[in-house]
Structures are given as structure tokens and as C-alpha cells.
Amino acid sequence: MPKPTNLLVFFAIICFHISIAQESALLISDSIPFQLKIKANSVVRQNKMVIEIKDYNHMVVNNNRIITVFNKYGDSDIGTYESYSNNVSIRNLEARVYDAKGNEIKKFKEKDFIDESAVDGISLYSDNRVKYLDYTPINYPYTIVYESEVDYRTTAFLPSWYPIEGYYSSTQNAEYQIINNSSSTVKIKTENFEDYKIEKLNDFHYKASNLMSIAPESYSPPYKTFAPNLKAALTEFDMEGVKGVNNNWTDFGQWMNDKLITGTQELPETVKTEINALTASATTNLEKAKIVYEYMQSKTRYISVQVGIGGWKPMYASDVDRLGYGDCKALTNYTKSLLDEVGVPSYYTIIYGDEDIRNIDKEFSATQGNHAILCLPNNGDYVWLECTSQTVPFGYIANFTDDRDALIITPKGGEIVHTTVYKDDDNILNTKATVELDASGNIVAEVNLESLGSQYRTHERLLYKTHKDQELYYKEYWDYINNLAIISKSLTNDKDNVVFTENVSIEGLKYATKAGNRLLLQPNIFNRVTKAPPRYKKRKLPVEVDRGFVDYDEFTIKLPSSIQVEALQDDISISNKFGEYEFSVKQINENELLFKRKFLLKKGNFPREDYKDFRAFWLKVIKYDKSKIALIQKS
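Written out as C-alpha cells, the structure reads:
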């Protein structure tokens, strides 16, 4: 038994050997619990993040990470990188690679990491850099031990925590801890912890163990809305030398207005004169705003510029005017400056821009969002302007910033408001066609498509494709028409009414199939659902349709004089909580049929138990969309 004076040394040695033994076990692939390998490209064996807040403007983040990768799809999960800038310095960076048996095969020091600018491919320039490990594995599985220490002289962005880091990745052990040695208060919000047995060691220390991977499923909510996650923020923080206050959204927005936006909006006198002259005859604020918006679109283009205060302070409006470009912040601020000049109120707005609908968390004020747009008050409602596009219609935001909570910055502070919701009946595709069928089953047709709402954006993109790519698009869109030939096409973009029109002339060989003296014709020629959501043995995630839509189809089909109708299909009408489907074929005279169809998919959220019925609805649509009618040769 050691003497009492040597007890501390004795226990330190014991703990050291236990730590080594624990880490050694984490390096051996066979020691991973079987359930963590199910549907997993990687397993995080250990990920311990410790955030020490030394002052309102200073923190140090230590990360100790061990991850085992099973295949090439897991290579992107290793997470061996650190960003740095003038206010962020890397103190330590190293990695070691082990084979399946735990033998070390490679060691990397900081000098071995690739060091390059963090420009993302669409940025003009950025003052951020990144160091990352460029490792090409020889065999799978392999394990990487990664250690880093990073010193931040800015505290506006406290690291968040996802105990399950992403799809197809399991977690064996993960810890997140904040040590607050500052006078600023730390705010924490956890979401979706209850179903994952995540242990709360204290208010700022959490631990997770043996969390199985999550597989993506069709028509499920975005990952960030259902996966366990933790957000943290300081009530008094620093963004690269600018002190901020963050007790709530009001004072956070006030800080943004006073410290980031105010003083950036002065315009050249020549521009003031020009924009006032352009709007002189406008009688309403909305008319003025539309003139200003189109003026901005004609003068500028989008280029990402990630410099300034944390990438959050916009360029000066005068610089945007002189250079003719800017990022979302700069172009939004420039448009606001022009509107201010002509007396139209508007609010700079922070939002999450993405096809997936993601809200600013109205219950947790912090530096959230990844995009800036402009908000115009309008008779108790709002008009939203996407300022990074040279082509998008005035007030149109479908498919990127629609239907989500955003933070508007007013002179009185920040306020959470909701952006435009494009309802099911707003998102329309009208398809009409006149089709001539010959006795051999060939078709010639004039097709007219009109798209509105969220469907407008999907079809309007055709304008910016080459002639060849436009033809390829139609051949893929109607890929069930044999030997399809595009004879002519014209595209019309009505930006004032936000309607996109396509007029297409086509020919198709042997569209109707011969069966003896009969022709079998599928009357839904131009808008057919061909793929159903996949089948799952056991659905795990809820069902979400984030944007509904409605398609209306009406085709006049002219028959040759030698052909008559033998049998028509009965009318179909389906209505349920997921949508509606109607299908009919009528003979309007001896040589003419009229096909009508309506397909409505409703926006909504449903429990996972409803997925089987949801999929069954799609299968019925597919079945009826490809149904046939019988035509026969006249005797």
C-alpha cells in the first residue's frame, strides 16, 4: 500500500493507465457494439468538446475526437478541420490514424494539414482560412484520433452540439461542456433530447452514449428539426471587436441595427437624383419599390464577400453602387438604401435560406441565419424581396425563403415575423393540349403549360438553359413517349403576374400500342406521375409535405376516321387527408375525346404511422395515370 504522501501520484498513475486502456479499446473496430454498426458509414467512438469562456470576448475550444470509418461514404464524417482568421487562432492540431486492429499507421502534426482560403467557390474573397486533413485511406475500416485547441477572440458563435452528427453515423460516446469563467450569462436550449437518453450532468455539461444512426426517409422533416441538438449563446458577446447584447430578439436586433447596419447606407448624389427621377410618377409605395427593385437588379450581380465583422456587416451601399456587385447582405442593404431615398420603409432581414424550410428559433435569440433579404411593410402584411437574383420577379420568394420565421431589423430592435406562405392552390401547373392520333398510334400535339406559385420557379429555370438542354429537359419530362421529337417551342415569362408559359409542339411514334385490330391508348399523355415514395419495412420518421401543389390537365384527343372507341375507363375520384385525384375521359363527338385530370397534394405533417396510407395514395395516382382505353378499327 503506498504511503499517504504518495496517494495523489498513485491515483494519477492509475487514472492515466485507465485512460490509455479506454482509448486503446476505442481504436479497435471489433469492439464497437453491433447495434451501432447497423446502417452506419461511421461511428463516433468519442467526441468530447470543452468550451471555456474566459471573458465576454474570449473563449477556448478543445476537441478530442475518435471516429471509425467503415466505407468511402463515411470519409466525409471524419471532421478533421478547423477554421481560423484574424480573431481565431489554432493552438494545437494533430491526428493519428489506426487500422482495424488498433495499430497506428499514420501521424499528422499541424504542419501536415492543408491550409487554404475558406472561399466557397462563389465568394469573391474571404478573410477566413481553414486547415484540414487530406487523408486517403488504404483499407477500411480505419480509425482517426483527432485533437484540436482553438482560441477565439470573438464569442458571437458558440459551438452547437449534435450528439448524432448526421445521417448514417452512430455515436458511441459524446460529451459537450461549457465552463463559464466570464461575467456574461450563458443561454442553452436543447431540442429532441427526450427520446435519446442524453444525460445532463449539470446545466452546462451533457453526455450521450450508444446512439444508433438515423437513416434518411422520403418525405421526412429536415434533419435539424428532429435530431437531438443543443444551441448555446452569451447574453453579452463580442463579434470581432464589436460588443453585443443578446437578452432577447429585440435587443439583439437593436445591436444589429446600431452597430452593423447604421452608417452603411449613404448613396452617391448622382444615384439619389437618378432613383428619384425614376420613381417620380409612381403613386404608391409598392410602385416605387418595384421600380427600385428592378433598378437594383439591372445594376448589380451576386458575389459572396465574406469579410467584415464576422461576415455579418454589409458592404457600404456606395461601394455596391460603384462596383456593381455584392453578397446577400450588401445587395439587401443597397436596395434598402435606395428605398429609404424615395421614402419607402423597409427592413433588413436575417433568415435561413434553403429549399428545406428552416425557421429562425423565435424562442432563442442568437446569431442565427445564413441569408439576408428585404421586408416591405404593406397594409398590415409584408412583401419580401430576394435581392441576390437578377431575374426573380418582384415580391417572389418561393422555394428558398418562403413559409418560415425570420428576424426583421427595425430601428426599435429585432422582431420575428413569418414570410409568405404559398398555399396548395397557389402552386399551380395548368397543362392543356390538342393531340392528333393516327391509325398507327403516332401522335402530333400542341402543348401549353402555365406554372404559378412554387411551380413557377421550377419551370422558369428553363429560360436559362441552352437550346439543347431545353430539348433534353422535355425528353426527360415526357420520357414515356417513344421517339419524342420537339418540333418547336416558345417560352414566355410574365414577371408582373408571375406566370411562366411554355408552348411546345411535339411528335411521338407509336405512342398508342397495337393489340390485333385495337389501339391501346394512355390518355394522360403530358403529366404523369411515374414514381412512388419508397417502401419501408418499418417507417421511423414522421411524414412531411413542406409545399403542396395542384395540377390541372385537359387534353383534347382527335381520333382518325378509321378508329372508334371500344371502351372508356370509369371516372375516378379520390379525396383524403393527403390530397385529391380526379380522372375522366369523355367522348365529345365521334372523333374526339376530352381527358381531364386534377392532382392535389396537400401541405401537411403526419405521424409515421400514416406513411403506408400516404404511399398507397401515390400508388393509386400512378396506377390511374398510366391506365389505358381501348380503340378499335371500324368495320
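Just so we're aligned: the sequence shown equals residues 1 to 635 in our numbering. We treat Cβ as the ideally placed atom computed from N, Cα and C, and that holds for glycine. Everything numeric in this text was worked out from a predicted model, so none of it was measured.
### Message
Measuring only the C-alpha atoms, how far is Val186 from Leu234?
### Response
5 Å
### Query
Can you tell me whether DSSP reads Ile275 as helix, strand or coil?
helix
### Query
Does the Cβ of Asn459 have 16 or more other Cβ atoms within 10 Å, making it buried, or fewer, making it exposed?
Position check: residue 459 holds His in this sequence, whereas Asn was assumed. Buried, because 16 or more other Cβ atoms sit within 10 Å of the Cβ of His459.
### Query
By how many angstroms is the C-alpha of Tyr167 removed from the C-alpha of Ala215?
5 Å
### Query
Do the stretch 472-483 and the stretch 398-412 touch if we need at least three Cβ pairs shorter than 8 Å?
no
### C-alpha distance - Asp327 paired with Leu631, whole-angstrom precision
59 Å
### Query
If we cut at 8 Å on Cβ distances, does Val50 have a partner in chain D?
Absent from the structure: chain D. Only one protein chain is present.
#### Entry: Enclosing alpha helix (DSSP H) for Glu294 [first to last residue]
Asn285 to Lys299
### Task
Count the C-beta pairs between the stretch 240-258 and the stretch 567-576 that are closer than 8 Å, then say yes if the count reaches three, no if not.
no
### Query
What is the C-beta distance between Lys107 and Arg96, in whole angstroms, given that I count them as a contact (C-beta under 8 Å)?
5 Å
### Task
Within its chain, find whatever has a CB closer than 6 Å to the CB of Gln46; leave out the 5 residues flanking it on each side and keep chain order.
Leu26, Ile66 and Asn173
### First through last residue of the beta strand (DSSP E) which encompasses Glu415
Gly413 to His418
### Task
Going by DSSP, name the residue or residues bridged to Glu609.
Note: Glu609 sits in no beta bridge, so no partner.
#### Entry: Cβ pair count under 8 Å reaching 3, the stretch 594-604 against the stretch 534-542
no
### Query
Taking C-beta to C-beta, are Phe226 and Leu541 nearer than 8 Å?
yes
### Task
Please report how far the alpha carbon of Lys224 lies from the alpha carbon of Ile164, in whole angstroms.
11 Å
### Task
Evaluate Phe34 with the Cβ neighbour count: other Cβ atoms within 10 Å of its Cβ, from every protein chain shown; 16 or more gives buried, anything less gives exposed.
exposed
### Query
Relative to the C-alpha of Thr143, which residue among Gly74, Lys111 and Asn210 is closest?
Gly74
### Query
By Cβ distance below 6 Å, which residues in the same chain neighbour Ala485 in space, the five residues on each side in sequence not counted?
Glu507
#### Entry: One or two residues paired with Lys489 in a DSSP bridge
Val504
### Task
Compute the Euclidean distance between the alpha carbons of Ser389 and Asp381, then round it to the nearest angstrom.
23 Å
#### Entry: Where the beta strand (DSSP E) containing Glu94 begins and where it ends
Val88 to Tyr98
### Task
In the DSSP assignment, find the beta strand (DSSP E) that holds Phe549 and state where it starts and stops.
Phe549 to Lys558
### Message
Can you list, in chain order, the residues of its chain with a C-beta nearer than 7 Å to that of Val585? Leave out the 5 residues immediately preceding and following it.
### Response
Pro523, Leu568, Gln569, Leu593, Phe595 and Ile629
### Query
CA-CA distance, Leu491 and Thr349?
33 Å
### Task
Please confirm whether Glu502 and Leu452 have their CB atoms less than 8 Å apart.
no
### Task
For Met296, collect the residues of the same chain with a Cβ closer than 8 Å to its Cβ; drop the 5 residues on either side in sequence, then sort them by chain order.
Leu331, Tyr334, Thr335, Leu338 and Cys387
### Query
Are there three or more Cβ pairs, one per stretch, closer than 8 Å when the stretch 287-306 is compared with the stretch 431-448?
no
### Among Asn430, Val417 and Asp496, nearest to Asp553 - alpha-carbon criterion
Asn430
### Query
Looking at the unbroken alpha helix (DSSP H) that takes in Ala317, where does it start and where does it end?
Ala317 to Leu323
### Query
What is the residue span of the beta strand (DSSP E) that Thr68 lies within?
His58 to Val69
### Message
According to DSSP, Val150 sits in a beta bridge with which residue or residues?
### Response
Val61 and Ile90
### Query
Can the beta-carbon of Val550 be found less than 8 Å from the beta-carbon of Asn378?
no
### Query
Is Tyr73 helix, strand or coil when you go by DSSP?
helix
### Message
Considering only their Cβ atoms, is the gap separating Met239 from Ala156 smaller than 8 Å?
### Response
yes
### Task
Alpha carbon to alpha carbon, how far is Lys259 from Ala208? Give it in angstroms, no decimals.
39 Å
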